[in-house]
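Numbering (the working numbering), first residue to last: 101 to 257. Backbone N, C-alpha and C define an ideal beta-carbon position, used for all residues, glycine too. Structure, as structure tokens:
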Amino acid sequence: MHFEIERKFRVKGDFRPFATSSSHIQQGYIASGNGRTVRVRIRDDKGYLTIKGPGGSDGLKRYEFEKEIPLADAQDLMLICEPGVIDKVRYLVPVGQHTFEVDVFAGDNEGLIMAEVELGAENESFERPDWLGEEVTGDRRFYNSHMRQYPYKMWGE
């Protein structure tokens, strides 16, 4: 089985000087509910289909299956997605032995900046850069599938 182990954080400082690349991502959800999602993603000029299973109560580890698909297929699948599209720019930021994926959201989630780090084990240590803020691992408000329905602009923070 394929599992991802990741921790999520809000971003409080300027990470951009440390980024090595960026890409534009749009993603929609063909189906979502009960912690399970079927997602279609367009990342620059490539398409992906991803299935995610429910995670543990701490939100740290969950099943993930992802396959690259032709861009034209991804564009077609976006047309049948549930309402609400996630639009963001993802920056890759190496820190120590890990690479953080930092997402700067646009559209209805504009103003939100999140960082994720994938780990090899649930208790794996990693270096915390100064720009990393509050940990939100397991907080379902910060799941992309949730933000598509309840965007950041509605939170009233």
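> If Arg107 sits next to Thr237, beta carbons under 8 Å apart, how far is it from one beta carbon to the other, in whole angstroms?
Replying inline: Rounded to whole angstroms, the Cβ separation of Arg107 and Thr237 is 5 Å, and the two are in contact under 8 Å.
>> Using the Cβ count rule (16 or more neighbours within 10 Å means buried), how would you classify Lys188?
In response: Buried: at least 16 other Cβ atoms inside 10 Å.
>> Short of 7 Å in beta carbon distance, which residues of its chain neighbour Leu192, apart from the five on each side in sequence? Order them along the chain.
In response: Excluding the 5 residues flanking it on each side, Leu192 has same chain C-beta neighbours closer than 7 Å at Ala119, Thr120, Ser121, Thr199, Glu201, in chain order.
>> As an exercise, report each continuous alpha helix (DSSP H) stretch of at least 4 residues that is fully enclosed by the segment 157 to 243, in chain order.
In response: The segment 157 to 243 contains these whole alpha helix (DSSP H) runs: 171 to 178.
>> What does the Cβ neighbour count give for Ala215, buried or exposed, with the cut at 16 atoms within 10 Å?
In response: Classification of Ala215: buried, given that the 10 Å Cβ count is 16 or more.
> Are there three or more Cβ pairs, one per stretch, closer than 8 Å when the segment 216 to 236 is compared with the segment 126 to 142?
Replying inline: Touching, no, given that fewer than three Cβ pairs across the two stretches are closer than 8 Å.
> For Pro154 versus Asn209, is the C-beta distance shorter than 8 Å?
Replying inline: No. Outside cutoff.
>> Going by DSSP, what residue range makes up the beta strand (DSSP E) through Ala119?
In response: Unbroken run through Ala119: none, as it is neither H nor E.
> What residue does the beta strand (DSSP E) around Gly113 start on, and which one ends it?
Replying inline: No beta strand (DSSP E) holds Gly113; DSSP gives it neither H nor E.
> How long is the line joining the alpha carbons of Ile142 and Ser245, rounded to whole angstroms?
Replying inline: Computed Cα separation, rounded: 15 Å.
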